[in-house]
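What follows is a short report on a single structure.
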Amino acid sequence: MTTQSDTSHQGGASPSGAEPSWGPPSSTALQEPVAPPTAAPRSGEPKQPFFHRVWRGRPEDPRWVRPAFLALLVATGLLYLYNLSASGYANSFYSAAVQAGSQSWKALFFGSLDSANAITVDKPPASLWPMALSVRIFGLNSWAILVPEVLMGVATVGVLYGALRRRFSPAAGLIAGAVLALTPVAALMFRFNNPDAMLALLMTVTIYCVVRALEDGRTKWLVWAGVAVGFAFLAKTLQAFLILPPLAVVYAVCAPVRLRKRFAQLGLSAVAMVVAGGWWVAIVELWPASSRPYIGGSQNNSFLELTFGYNGLGRINGDETGSVGGGGGGGGTGQWGETGWNRMFNSEIGSQIAWLLPAALILFVAGIVLTRKARRTDLTRSSFLAWGGALLMTAIIFSYMAGIFHQYYTVALAPYIAAVVGMGATVLWEERSKVWASLTLAGAVTATAAWGYVLLNRTPTYLPWLKWLVLIGGLVGALGLIFAARLGRQLALAAVGLSFVASVAGPTAYTLSTVNTGHTGSIVTAGPAGASMMGGRGGPGGGMRGGFPGGGNTRGQNQQGGNGTTQQGGGMGRPPTGGTGGFPGQNQQGNGNTQGQNQQGGMPGGGAMGEGGMGGGGVGGLLNGATVSSAAKKLLETNAGDYTWAAAAVGSQNSASYQLATGKPVMAIGGFNGTDPSPTLAQFEKYVTDGKIHYFISGGGMGGGMGGGNSSSTTSTSSQISSWVTANFKKVTVGSATFYDLTQPTK
C-alpha cells in the first residue's frame with residue numbers, strides 16, 4: 001500500500017482544503033490523492049514510447065502495479081474465452097435476433113427476431129447491437145456472438161479497478177477485479193448472450209462516473225453517469241434504474257458544491273439519461289405500427305407498456321400479463337422461487353453470487369463506522385455509500401420481487417460486492433494496528449470461510465475436500481490477521497495471502513466448472529450440476545427442482561439425462577440441437593431433464609412436439625431450442641427465397657432454432673411465450689393468402705396455457721392459428737417433426 005506524504009486530499013477533504021482532513025495519523029495512508037499530479041516533461045526531454053507508458057503506468061506507482069493490472073485483464077480474458085464455443089448459440093432466442101440484425105439494418109435497430117421483422121425480442125436492442133455487428137463482420141458462429149460479451153466482462157473488471165485504484169489503492173482495485181472475475185455468475189453471463197453482461201458493465205461505469213463527480217463536483221461526470229444509465233435502459237429497461245435512488249441521495253448530500261448546484265447537476269444528469277435512453281423509445285413509439293415489427297412481450301404493441309408492465313412493475317408484483325406465472329411475495333414460494341430477506345443466500349441463488357456477500361456487508365458497515373466523523377464531502381465515505389448503496393438496493397429488490405426471476409440476474413450484484421470487498425479490505429488493513437479493525441477484518445474472513453463451507457456442502461459430491469480447505473484455511477488466515485500488526489512483514493503477508501485464497505477458493509472452483517461446460521437455453525446457472533436449483537412448488541407439474549420454471553440448465557448434460565456433453569448449441573457455427581418438445585429440456589419421449597434426472601411426463605401437454613398440449617404443441621421450445629434435423633433443414637430451405645418467411649412457429653425459442661439452422665426468416669407466433677397477440681388470426685390468414693409463409697412448424701410455446709394471453713379468453717391467438725392451420729393444410733412429417741405446408745390446402 002502506497003503511503004502519500006501529501007495529505008491535502010486525505011479523508012475526503014475537498015480540493016480547496018478549506019476544511020481539515022479527517023482521521024488520526026494512521027488514517028493518512030488510507031487513500032492516494034484523487035488526481036495525482038503528473039509532472040510535465042521538461043523541454044527537450046524525450047517522451048516515453050507509448051507501449052512503455054502502457055506497461056509502466058503512473059510514474060508514482062510501484063513498478064509492479066501496471067503489470068499486475070494488465071495481467072488481471074489478460075487472465076480474465078483468457079478465462080472467459082476458454083471453451084467458449086461449447087455453448088454454441090447459447091440462448092437461441094437472442095442469437096436469432098443477432099442473426100436477423102446481421103442481415104437487416106431494420107431488424108438491428110428494432111431488435112427483431114427475424115430479418116423480415118415480424119416481432120421483436122422482449123427487451124430493447126442495445127445488447128444485441130455489438131453481437132450483430134460482430135456477426136456481420138465474422139459470420140454467424142458461436143465466437144462471433146459471444147466474444148463481445150467476453151470483452152464486456154474484461155472491460156467491467158478494468159473499470160472497477162480504475163474506480164478503486166483512483167481513490168483507494170492499486171491493491172483495492174486488484175482485489176475487486178479478481179473477486180469480480182472469479183464470481184461464478186459473472187463467469188456465466190460474460191460468456192452468454194443475454195443483456196445482463198452489458199447491463200453490469202454500464203452500471204459499473206455509472207458508479208465510476210458518480211464517484212468521479214463526487215471528487216470535485218464537476219458536472220460533466222454526473223452527465224456521463226446519466227448517459228450510462230440511459231444506455232443501460234436500452235439494454236434491460238427499468239433494471240438500470242435500481243441504483244439511481246442511492247446514487248442520487250449520495251450526490252445530493254456529499255458532493256463538494258453548493259446545494260443549489262447539486263440539484264441542478266442532478267437535473268442535468270436526468271436530462272442526459274432521458275436523452276440517452278429515450279431517443280430510441282421515441283422513434284419506436286412514433287414509428288407507424290404497420291411498418292415496424294410488433295413489440296414482443298407487450299399485449300398492445302407498445303414499448304412503453306412492455307417497459308412498465310411485463311418488464312417493469314410486473315417483475316416486482318408478479319402481475320405479468322402474457323408471462324408464464326409469477327412468484328410469491330413477502331417470503332412466499334412461487335414458480336420463480338422463494339422470496340424474502342434470505343433469497344440471495346438460499347439454495348437457488350447462493351452459489352451464484354453470495355460467496356463474499358457476508359464479507360461485503362461486514363466491510364460496508366466497517367467503512368461507514370471508520371468514516372463516521374468525517375466531513376460531509378469525505379470521498380472515502382461517499383465511495384462506500386455509492387457502491388454499498390447500489391448493492392443494498394439491488395439485493396433488496398431482487399430478494400422481494402415476486403415476478404419472473406432467474407438466478408443469473410444476480411450478476412448485477414457482482415461489481416458492487418467486489419468493490420465493497422476491495423475498499424473495505426484495504427482500508428481495514430491500513431488500520432490494522434487498531435484492535436477493532438483487525439478483529440473486523442478477521443471476522444469478515446471467518447464469515448466468508450464459514451459461508452463458503454456451507455455453500456460447498458450443498459454439493460457434497462463436488463470436490464468434497466475443498467470445503468475443509470476453505471474452512472481451515474480461512475480460520476488460520478483470520479487468526480493471523482488479528483495479530484498482523486504484531487507479526488513481521490512476511491508472516492503478515494502470508495496471513496493476507498492465505499485469507500484471500502481461502503475466500504476465493506470456492507467461487508473459483510465454481511467458476512472453473514462454469515467455463516468448462518456449455519450453457520444453452522433461457523435459464524442457465526453457474527457451477528457444477530445441482531449447485532443451484534429452484535425450490536418451492538417448481539413448475540406447474542409440481543416438484544420440479546431445477547426444471548421449469550426456474551432452475552434448468554444444460555451444463556454438460558444431454559437430453560437423456562446424466563452427465564454427457566451439452567446437446568443444444570452444437571458448437572461454433574452449428575445449429576442448436578436441444579430437446580424437441582415436451583417439458584423444456586426433454587426429449588420426445590418426455591423424459592430426461594437438464595439436471596440429469598429422469599422425469600416422466602413433465603408439464604400438462606408436454607408430450608412430443610406437435611402432439612396435443614397447449615397452443616397446439618405443449619411447451620416444447622419455450623425455454624430451450626428445438627432439434628433441427630438435416631431433413632427438416634433441407635425442407636425449409638427448399639424454395640425459401642420465394643417467401644418472406646420460410647416458416648412460422650409458436651414461441652420464439654422454437655422459431656429461433658429453425659432460423660439459426662437454415663439462415664432463413666422464421667416467424668415467431670406469439671413472441672417468446674407464444675402468448676403475445678401477434679399476428680392475429682386474420683393477419684396470419686392474409687400472410688398465407690399472399691404466399692408469404694411456406695410452412696407452419698407444429699409445437700412450441702405456451703399458447704393458451706399458463707400466464708396467459710391478452711384477454712379473459714382461454715384461447716390465445718397462437719392457439720387459434722394452430723387450430724386453423726391443422727384444420728386446413730396438408731401435414732408433412734419429417735422424422736419426428738411435424739410441419740404444415742401452407743401452400744397445400746386440404747379443402
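Quick note on the working numbering: the sequence shown kicks off at 1 and runs consecutively. Glycine included, C-beta positions come from ideal geometry on N, C-alpha and C. These numbers come from a predicted model, not from an experiment.
Worksheet item: So the beta strand (DSSP E) Q299 belongs to, where does it begin and stop?
Response: Here Q299 belongs to no beta strand (DSSP E), and DSSP marks it neither H nor E.
Item to complete: Check each candidate in L79, L428, I119, L244 and name the one with the smallest Cα separation from T440.
Response: L428
Worksheet item: Between the segment 145–163 and the segment 71–87, do three or more beta carbon pairs fall short of 8 Å?
Response: yes
Worksheet item: Between I316 and the rest of its own chain, which residues show a CB-CB distance below 6 Å, the 5 nearest in sequence each way excluded?
Response: M401
Practice prompt. Classify E285 as buried or exposed, calling it buried when 16 or more other Cβ atoms lie within 10 Å of its own Cβ.
Written response: exposed
Item to complete: Keeping to the same chain, check which residues put their C-beta closer than 7 Å to that of A514; ignore five residues upstream and five downstream.
Response: Note on identity: in this sequence residue 514 is Thr, with Ala being the wrong assignment. Cβ within range, chain order: P184, A187, L188, A526, G527.
Practice prompt. Output the distance between the C-alpha atoms of C209 and T675, rounded to the nearest integer angstrom.
Written response: 41 Å
Worksheet item: What separation, rounded to the nearest whole angstrom, lies between the Cα atoms of G579 and L456?
Response: Any answer about G579 is weak, because its pLDDT of 34 lies below 50 and its placement is not dependable; what the coordinates show is given next. Cα-Cα distance, rounded: 30 Å.
Worksheet item: Nearest to D642 by alpha carbon, out of A631, V496, G691?
Response: G691
Worksheet entry | Segment limits, alpha helix (DSSP H) that includes I207 | 196–216
Practice prompt. Work out the CA separation of Q352 and A442 for me, nearest whole Å.
Written response: 24 Å
Item to complete: Determine, using beta carbons only, whether A505 and V445 come nearer to each other than 9 Å.
Response: no
Practice prompt. Look at the alpha carbon of S347 and the alpha carbon of W645, and state the distance between them as a whole number of angstroms.
Written response: 44 Å
Worksheet entry | Nearest candidate by alpha-carbon position, reference S438, set S499, P195, I721, L681 | S499
Worksheet entry | Beta-bridge partners of R645, as assigned by DSSP | One point to set straight first is that residue 645 is Trp, not Arg, in the sequence displayed. Per DSSP, I693.
Worksheet item: Going straight from the alpha carbon of K747 to that of K731, what length do you get?
Response: 13 Å
Worksheet item: Which value, in whole angstroms, describes the spacing of the CA atoms of Q99 and I693?
Response: 19 Å
Practice prompt. Indicate the three-state DSSP secondary structure (helix, strand or coil) for I669 in the structure shown.
Written response: strand
Discussion item. Taking the alpha carbon of G658 as the reference point, which residue from A682, T627, T680 has its own alpha carbon closest?
Written reply: In the sequence on display, residue 658 carries Tyr and not Gly. Closest option to Y658, Cα to Cα, is T627.
Worksheet item: Taking Cβ positions, are G497 and G477 nearer each other than 9 Å?
Response: yes
Worksheet item: Under the DSSP definition of a beta bridge, which residues are partnered with F729?
Response: P745
Practice prompt. Identify the continuous alpha helix (DSSP H) that holds W468 and give its terminal residues.
Written response: 466–482
Fill in: Cβ-based burial, G267 [other Cβ within 10 Å; buried from 16]
exposed
Item to complete: With DSSP collapsed to three states, give me the class of G340.
Response: coil
Worksheet item: How close, in whole Å, do the beta carbons of G230 and M273 come, if the pair is a contact with beta carbons under 8 Å?
Response: 4 Å
Worksheet item: Does the distance from the CB of R167 to the CB of S383 come in under 9 Å?
Response: yes
Worksheet entry | Y740, DSSP secondary structure in three states | strand
Item to complete: Would you kindly check if the distance between the Cβ of F672 and the Cβ of D61 is under 9 Å?
Response: no
Worksheet item: Taking DSSP as the reference, what is the three-state secondary structure of T662?
Response: helix
Worksheet item: With 9 Å set as the bound, which would you pick, yes or no: does the beta-carbon of E338 sit closer than that to a beta-carbon of chain C?
Response: The structure shown contains no chain C, having only a single protein chain.
Discussion item. Would M203 and A178 qualify as a contact pair, given that the criterion is a beta-carbon distance under 9 Å?
Written reply: no
Item to complete: Count the C-beta pairs between the segment 233–245 and the segment 303–313 that are closer than 8 Å, then say yes if the count reaches three, no if not.
Response: yes
Worksheet item: In terms of residue numbering, what span does the alpha helix (DSSP H) encompassing M393 cover?
Response: 379–400
Discussion item. Check this for me: beta carbons of S269 and A200, under 9 Å apart or not?
Written reply: no
Worksheet item: Would you call the CB atoms of Y462 and A509 closer than 9 Å?
Response: yes
Worksheet entry | Beta-carbon proximity of S95 to W143, cut-off 9 Å | no
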